[in-house]
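So the sequence shown is numbered by the working numbering: it starts at 646 and just counts up by one.
Below: the structure, in structure tokens.
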Amino acid sequence: MRVRGPAVVGGDGGFRAVATHHTDARRPGTPGPVPRRTVPHHAATRRPGSRRSLAWLAVAGAFLVLPLAGCTDPTPTEAPTECSVPARSSQRDLDPEDTPETPWQKDDGQELVVYFETGDLEDRYAGLSTAAVDYWSASPCIQAVAVSACPDDANCVAMVEEGDAGDDGESDGSFRGRDRGTYRTGGRITLHTGLLDRANDNGAMATIVHEMGHALGLVHRLNRQDVMNAYTSDATNPQPDDINFVNLAVIYGTRH
Ligand SMILES: [Zn+2]
Numbered sequence: 646m647r648v649r650g651p652a653v654v655g656g657d658g659g660f661r662a663v664a665t666h667h668t669d670a671r672r673p674g675t676p677g678p679v680p681r682r683t684v685p686h687h688a689a690t691r692r693p694g695s696r697r698s699l700a701w702l703a704v705a706g707a708f709l710v711l712p713l714a715g716c717t718d719p720t721p722t723e724a725p726t727e728c729s730v731p732a733r734s735s736q737r738d739l740d741p742e743d744t745p746e747t748p749w750q751k752d753d754g755q756e757l758v759v760y761f762e763t764g765d766l767e768d769r770y771a772g773l774s775t776a777a778v779d780y781w782s783a784s785p786c787i788q789a790v791a792v793s794a795c796p797d798d799a800n801c802v803a804m805v806e807e808g809d810a811g812d813d814g815e816s817d818g819s820f821r822g823r824d825r826g827t828y829r830t831g832g833r834i835t836l837h838t839g840l841l842d843r844a845n846d847n848g849a850m851a852t853i854v855h856e857m858g859h860a861l862g863l864v865h866r867l868n869r870q871d872v873m874n875a876y877t878s879d880a881t882n883p884q885p886d887d888i889n890f891v892n893l894a895v896i897y898g899t900r901h
């Protein structure tokens with residue numbers, strides 16, 4: 646995650662969403678609105694037989710509408726209570742500029758258990774990590790567990806600290822996955838304490854939740870208020886919104 650600077654220091658220190666709204670979320674180079682196709686009107690040129698033409702138009706319209714109704718996105722918009730999604734669901738609100746993540750292997754009908762190893766973290770970050778896993782374990786697909794040392798042969802993500810500011814000089818957290826074929830087999834979250842030490846607990850929590858989200862297979866979201874946006878701050882709500890849980894269900898859920 647990158648820090649949107651300067652850090653916003655909220656007076657309440659609470660877990661609240663940023664109230665700022667960006668009405669124009671388009672980035673340079675992304676397509677603008679599709680121009681509406683204009684249909685010429687020929688009201689004065691109605692000829693005999695046009696009533697039948699209109700009837701045929703109505704029939705043709707019905708055939709057009711039916712397939713369109715079948716094409717509506719079946720993906721839920723609210724957090725699912727079971728780890729399943731309708732067939733043809735797809736993840737929502739993804740940032741196309743982010744690099745893909747790889748899913749862990751998961752058996753249908755069983756929660757995916759991923760351990761986050763916090764034994765090398767100082768108390769502040771170990772404590773925040775222990776709280777952060779509960780956010781993700783709210784997903785019916787995921788059981789995220791913070792442990793000082795991972796069990797043998799478990800799905801394990803190591804958490805480490807480095808006193809820098811990330812490769813780009815402005816990251817307070819990063820994740821690197823270890824994948825084999827189409828599945829994730831491990832990974833490492835690095836907390837860049839050169840920056841993260843300056844964040845308040847809310848901001849540090851958002852960073853840890855964000856990197857855990859990557860570890861679980863989520864990529865960045867376009868929604869600038871969401872914890873999985875590429876940028877977070879001390880005022881970011883670290884609680885993942887419903888769409889993150891929908892996206893996890895799309896990745897790991899059974900299709901019905
Ligand atoms: Zn990120």
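For each residue, glycine too, the CB sits at the ideal point set by N, CA and C.
Just so it is clear, the structure is predicted and the values come from calculations on it, not from any experiment.
| query | Which residues count as close to ligand 1 when the rule is a CB under 6 Å from any of its heavy atoms, in chain order? | reply | Met646, His855, His859, His865, Ala875
| field | Own chain residues within Cβ distance below 6 Å of Ala803, not counting five before or after | value | Glu762, Arg833
| request: Would you identify the three-state DSSP class for Gly930, choosing helix, strand or coil? | output: Examination of residue 930 is not possible in this model, given that the chain is present from 646 through 901 alone.
| Could you give the distance in angstroms between the alpha-carbon of Thr838 and the alpha-carbon of Asn868? | 26 Å
| Same chain, Cβ closer than 7 Å to Tyr828, neighbours up to 5 away in sequence not counted | Thr747, Pro748, Trp749, Gln750
| Endpoints, beta strand (DSSP E) assigned at Arg949 | The structure shown has nothing for residue 949, since the chain only spans 646 to 901.
| Between the segment 781 to 797 and the segment 726 to 739, do three or more beta carbon pairs fall short of 8 Å? | For the pair of segments examined, the segment 781 to 797 was found to touch the segment 726 to 739: the number of CB pairs separated by less than 8 Å reaches three.
| Whole-number beta carbon distance between Ala799 and Tyr760, since they are thought to touch under 8 Å | 5 Å
| query | Which residue from Arg900, Thr899, Gly822, Leu766 puts its Cα closest to that of Leu841? | reply | Leu766
| According to the neighbour-count rule (16 or more other Cβ atoms, all chains shown, within 10 Å of its Cβ), is Cys716 buried or exposed? | exposed
| field | Candidates Gly814, Gly831, Asp740, of which the one nearest Gly822 by Cα | value | Gly831
| Is DSSP giving His901 helix, strand or coil here? | coil
| Where does His667 fall in DSSP's three states? | Since pLDDT at His667 reaches only 28, below the 50 mark, its modelled position is unreliable, and the value read off the structure follows with that caveat. In the structure shown, His667 sits in coil (DSSP, three-state: anything other than H, G, I, E or B).
| DSSP three-state assignment for Thr852, whether helix, strand or coil | Secondary structure of Thr852 (DSSP, three-state): helix.
| task | Using three-state DSSP, classify His859 as helix, strand or coil. | result | helix
| field | Residue from Asn847, Asp812, Ala880, Gly898 whose Cα sits closest to the Cα of Gly862 | value | Gly898
| According to the Cβ coordinates, are Thr835 and Ala844 closer than 9 Å? | no
| message | Could you give the first and the last residue of the continuous beta strand (DSSP E) run that contains Gly839? | response | No beta strand (DSSP E) contains Gly839, which is instead part of the alpha helix (DSSP H) from 838 to 841.
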